[in-house]
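Each remark here refers to the structure printed beneath this line.
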Amino acid sequence: MKKIIASRLLTALYVTCCLLTTARAADRNLPLLQNAPAYESLSLNGTWNYIVDVQEEGYYDYRMNPTRWGFFQNAKPQKPEDLIEYDFDKSPTMQIPSDWNTQDERLFFYEGTVWFCRHFNIGNASWKDGNAKSLLYFGAVNYDAHVYVNGQHVGHHVGGFTPFNYDVTDLLKEGENTLIVKVDNKRHAEDVPTQIFDWWNYGGITRDVRLIKVPAVYVEDYSVQLAKADAKAKNRTITFAAKLSKAKAGHKVTVSIPELKIEKTFSTDADGKVGISEFNVQSKKLQLWSPENPKLYQVLVSVGTNTVTNSIGFRTIATQDKQILLNGQPIFLKGISIHNEKPNGGGRANTIEDARTLLSWAKELGCNFVRLAHYPHHEEMVREAERMGILVWSEIPVYWTIAWKNPATFENARQQLTDMIARDHNRANVIIWSIANETPHSPERDAFLGRLAQYARSLDSTRLISMAMEVTSASNYVNRLNDNMNQYVDVVSFNQYIGWYRDVNDAPKMKWEIPYNKPVIISEFGGGARYGLHGPKNQRWTEEFQENLYIQNCAMLDKIDGLAGTTPWILKDFRSPRRVLPGVQDYYNRKGLFSDNGEKKKAFYVLRDWYKQKSMPQKEGK
Ligand code: GCB
C-alpha cells in the first residue's frame, strides 16, 4: 500500500513537473547567444544511440510506473530481477547532426518520437567553476524537443529550424554526463508549419549540438551595423548596441574593429545594456560589403577578459519607389529559391560543404541572391553566402493555411521569427525577412500577419520585410495583386506558376496589375522536369517542357513594371511526400534546375542567359 501511495505521489509530482517544464516560462531556455560559433565549446556531434518510440512509452508510461520507465533516466538494472525494458547503450547508433529518414531505412517515412542519448566527459574542467557558465546549444531539432541532462528535464523546445540554448551549469557533474533528447516530428494542425507542406519532414537533431563555455556575465546579444546615409557622404556611421546576460550597471563592454582602427568602451546601464552608440569612419576608408566585393571586417566584442570575434560586413539596404537600393545603388536581385536539403541525394543539409555546393550552383546560374525557403536554413548557409557575396531572403515556415485564430500558433510563429532574427541580424547579406508564404486571404490571416510584420519591424527596422503573396485573376489574362498585407511590406513578392498550373501559351497574353509603389520580386515560378527525359516541348516532365516554360516566363516577367528580382522555384529537385508519380517524381518535387544528383537540366541555361543579360537599372538612387 505504502509503495502504491509513494508511486502515486511520484507520478503526481512528475505530472506537475511536466506541466511546469513544458510551459515556456519554466524552461531553462535563455535568449539566444549571439555569435555562438565563436565561443569555446565542446562539440556534442558524433555518435548517439537512439530508440524509436512509436507509442511514446518512454514518456507517458513513466507516469504510471516511474521506477520502470522514463527513458530520460537512462536506468540500468541494479539487481538481477530488475525489469528495465530499454537500454540506450545496446541500441543502434546514428551520426548527429542528421535526419533519421536518411540514416535508417526503416525510418524513411517515419513521423513520430525517437529518443537520442549520448555521454560526454567534461573531466574536472572549468565548465562550472563559478567563473563560467555552460550553455547547451542546439542548432535545430525538428520539431519538438525535450532535453534532459543527467536525468533532469532541462527544457522543451518547439520549432524545427531555429537554434536554442539552455544554461545547464548546475546540472553538470565532473567526469561523465548523459544527455538525452526526445524528438518528435509528428504534424499538428496548430503548428508552424501546419500539417500539409511540400517538403520532407526530416526528423531528428538536424544541426550541431555544442556545450558552450561563456563567462559568468557575457554579452548575450549585440549588433554592429552601418547606419543609412547618403552614399556620397564623407563620413559614415557605424552603430553598436549590446545586452549583457545580467541586468547590471557599470560593466565595461569594448568593441573594436582593428582594420578600421576603431576601439570603444561603453558602460552598461542598470538593465545591462549598451544603448545604440555611434562612431564615425571616413567613407573612403570603409569598404562596403556587396556581391562584387563581399568585404568582411573582424569585429571583436569583449566583456571582462572574454573576447569574441565576428566577421561583419557593412552595407545599407533600402527601397525607393520601385527600386531596391544596395549601398544606395539600384540592384536587380538575380535569385533562386533553395530548400535546406543536401546537394546530392536527399537529407537535411547540415555542413559547410553542403552550403558551398548549393551556393556554388547558384553562382553558376549567375545569382547574386537566394531565397532560403521556407524556414531558416543552417547557419553556415547564411555565413557562407555572405562570404561568397550572395544576398539572402530568410523566411519562417508560416506556410499555406495555418491556424490563424490560435494564440499559441501566433506565439510559436513569433518565437521562430525572434530566433531567426536573433541568429542572423549581424549578417550583412541578409536583406529580407519574409514572414509567410502563399497564405490564403481572410480577416484572421490579415490580423495574424499584420501583427507579425509589425513585430518583425520592431525587432529590426534596418532590413526589408516581405512575404510571398498570391495573385488573384481579375480576368482571364489579367493578374492582379490585391493583398491587404501590402501596407506592411517593403517589397511586394508573389508566386506564380504560369506554364505549370496554367497553360504556358497564356504567358505572352498575361497582364500584371500591381497597384503599389514598391519593388516587386517574383518569389516563385517554375515547373517540373525529370532529368534526362526528353521529348517535344508540350510534353510534361520533359526537360524541353521546362526549358520552354522558362523561356516564356522570362519574356513575360520582363514586362512587369517595377520588377526588382526573381527567385524561381527551385535550385534542385527536393524530396516531398506530395510528389508520388512513379518513374517521374518518386517522392521528389521535380521543379529543380538541377536534378537531385546535381545534373543540370536544360532550363538552367535559359535562366543563366536571362540573368546574364539582366543589366542593372540605370537610374541612380541616393
Ligand atoms: C508553391 C509553394 C512551394 C511548392 C511549389 C510547388 O507555391 O510555395 O513550396 O513546392 O509551389 O512546387 O508547387
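Per our numbering, the sequence shown starts with residue 5, numbered consecutively.
Virtual Cβ for every residue (Gly too), placed ideally from N, Cα, C.
query                                                                                                           : result
Closer than 7 Å: Asp202 CB and nearest the ligand FMN heavy atom                                                : Here the bound small molecules are the ligand GCB; the ligand FMN is not part of this structure.
Assigned secondary structure, Leu46 (DSSP; H/G/I helix, E/B strand, else coil)                                  : strand
Expected contact under 8 Å - CB spacing of Gly127 and Gly50 to nearest Å                                        : Not confirmed; about 17 Å, so no contact.
Which of helix, strand or coil DSSP assigns to Cys121                                                           : strand
Counterpart residues of His157 in DSSP-defined beta bridges                                                     : Tyr152
Other residues of its chain near Tyr615: CB distance less than 6 Å, five sequence neighbours each side excluded : Lys338 and Gly370
Rounded C-alpha distance that separates Pro262 from Arg240                                                      : 17 Å
CA-to-CA distance, Glu60 to Ile340, given in whole angstroms                                                    : 40 Å
Secondary structure, alpha helix (DSSP H): runs of 4+ residues fully inside the region 363-424                  : 383-392
Cβ-Cβ distance between Ile408 and Thr198 below 8 Å                                                              : In the sequence as displayed, the identity of residue 408 is Trp instead of Ile. Their beta carbons are not under 8 Å apart, which means Trp408 does not touch Thr198 by this criterion.
Whole-angstrom C-beta distance between Leu215 and Asn629, which should lie under 8 Å                            : Outside the modelled stretch of the chain, which goes from 5 to 626, sits residue 629, for which no answer is possible.
Contact set for Gly163: own chain, Cβ-Cβ below 6 Å, skip 5 residues either direction                            : Gln420
Sequence-distant residues of the same chain with beta carbon closer than 6 Å to Thr258, five excluded per side  : Thr269 and Ser306
Inter-residue Cα distance where the pair is Asn354 and Gln324                                                   : 37 Å
Secondary structure of Asp275, DSSP reduced to three states                                                     : coil
Buried or exposed (CB count within 10 angstroms, at least 16 for buried), Arg594                                : buried
Nearest to Leu456 (by Cα), restricted to the options Asn499, Gln500, Ile400 and Tyr501                          : Ile400
Integer Cβ distance of Ile435 from Val475, believed to fall under 8 Å                                           : Contact flag wrong, Cβ pair sits at about 23 Å.
Beta-carbon spacing of Phe76, Ile242 below 8 Å                                                                  : no
C-beta contact flag for Val153 and Val172 at 8 Å                                                                : yes
Proximity test, Asn205 beta-carbon vs the ligand GCB heavy atom, cut-off 7 Å                                    : no
Uninterrupted beta strand (DSSP E) stretches inside the region 78-104 (no shorter than 3 residues)              : 97-100
Those runs of the beta strand (DSSP E) which lie wholly inside the region 536-619 and span at least 3 residues  : 567-570
Contact between the region 245-254 and the region 292-301 (3+ Cβ pairs under 8 Å)                               : no
Burial state of Leu585 (16 or more Cβ within 10 Å)                                                              : exposed
Integer-rounded CB distance, given that Trp203 should sit under 8 Å from Ser580                                 : 6 Å
Integer-rounded CB distance, given that Leu561 should sit under 8 Å from Leu567                                 : 6 Å
N- and C-terminal bounds of the alpha helix (DSSP H) containing Gly454                                          : Pro447 to Leu463
Alpha-carbon spacing of Ala417 relative to His538, whole angstroms                                              : 43 Å
Cross-strand partners of Lys268 (DSSP beta bridge)                                                              : Val259
Proximity below 8 Å, CB of Arg375 to CB of Thr166                                                               : no
Near the ligand GCB: His378 beta-carbon under 7 Å from a heavy atom                                             : yes
Reduced DSSP category for Met489 - H, G, I as helix; E, B as strand; rest coil                                  : helix
Whole-angstrom distance between Ala136 and Ile555, CA atom to CA atom                                           : 59 Å
Helix, strand or coil at Phe142 according to DSSP, with G and I counted as helix                                : strand
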